[in-house]
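Undergrad:
Residue numbers (the working numbering): 16 to 278.
#1: Using only alpha-carbon positions, find the residue among 119, 72, 111, 98 that is nearest to residue 132.
#2: Determine the direct distance from the alpha carbon of residue 222 to that of residue 90, and round the result to whole angstroms.
#3: Our contact map puts residue 151 next to residue 191 with C-beta atoms below 8 angstroms; I'd like the distance itself, whole angstroms only.
#4: Check residue 169 in the structure and name its three-state DSSP category.
#5: Checking the sheet assignment: what are the DSSP bridge partners for residue 240?
#6: By Cβ distance below 7 angstroms, which residues in the same chain neighbour residue 106 in space, the five residues on each side in sequence not counted?
#7: Span of the alpha helix (DSSP H) holding residue 266?
#8: Which residues in the same chain have their Cβ closer than 8 angstroms to the Cβ of residue 237, if we skip the five residues on either side of it in sequence?
#9: So for residue 79, helix, strand or coil by DSSP?
#10: Which complete beta strand (DSSP E) runs does the region 153-241 hold, if anything under 3 residues is left out?
#11: Please return the same chain residues whose Cβ sits closer than 6 angstroms to the Cβ of residue 65, not counting the five positions on each side in sequence.
#12: Could you have a look at residue 60 and say whether DSSP puts it in helix, strand or coil?
#13: Would you mind sorting residue 161 into buried or exposed? The rule is 16 or more other CB atoms within 10 Å of its CB.
#14: Only counting the same chain, and skipping five residues up and downstream in sequence, which positions put a Cβ closer than 6 angstroms to that of residue 215?
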């Protein structure tokens, strides 16, 4: 189970594709991707300024109103997903792109009200099209894998009213990994892993995850929270690592210069 962060999708990563092509001859792979950086760029070019909210626990997330969910869906399930599929295909990897709405792959409950910290006050934010994952349909993914496809999943879920919902990519990767009973989840990013005082933290035990979450910045908070959820769902090990290596996947699976979170 692999997750590609949105920041790395704007850069050239041929080493990853080459390494992945070798790996899929040995094991099945499902790939989840982000796309926030590209969504921001598209929104701004359309004259819509992205807005973000910060929860009382310090998690930063996109405020997704009716206008933004259209841009988000168009960009993440459209351009980002299909560009990634095209790159995978160009390297001989038989990828198939889909979002959580396809085949009701990912069902979520819309967060009708969320708390936001604004100038030291806590406010209730409404009209937000973000969701909390309720169910993954692993049968769809297993069928695709059995036919030789590599599922490439965009982080959009189907809501209870059949509306598109923005969901966090790291938590989606955790939920999918748990649903298909994956042994490992590798989260690729643009930094070596979890850093403490600019030094790489090579190993985090499950009981230390909450402490680590409190000590890192917003982007890594979500990755660690996703790692915690993955372990709770039965995934044995989560690896957070940089994709900018000669053989990034091989390096991650060998625990070279990365952060490993395990039970």
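Glycine included, every Cβ here is placed at the ideal spot set by N, Cα and C.
TA: The short version:
#1: Taking only the C-alpha atoms, the option nearest residue 132 is 72.
#2: When rounded, the separation of the alpha-carbon atoms in residue 90 and residue 222 is 37 angstroms.
#3: Taking the Cβ atoms as the reference, residue 151 lies roughly 6 angstroms from residue 191, within the contact range of under 8 angstroms.
#4: Looking at residue 169 - three-state DSSP - the assignment turns out to be strand.
#5: Looking at the DSSP output, residue 240 sits in no beta bridge, so it has no partner there.
#6: Apart from the 5 residues on each side of it in sequence, residue 106 sits with its Cβ closer than 7 angstroms to the Cβ of 32, 33, 36 in its chain, given in chain order.
#7: Its alpha helix (DSSP H) spans residues 263-268.
#8: So the list reads 74, 183, 185, 186, once near-sequence residues are dropped.
#9: Coil.
#10: Within the region 153-241, the complete beta strand (DSSP E) runs of at least 3 residues are 165-169, 171-173, 179-181, 199-204, 218-220.
#11: The residues are 55, 58.
#12: Here residue 60 sits in helix by DSSP.
#13: Around the beta-carbon of residue 161, fewer than 16 other beta-carbon atoms lie within 10 Å, marking it exposed.
#14: Hits under 6 angstroms: 207, 208.
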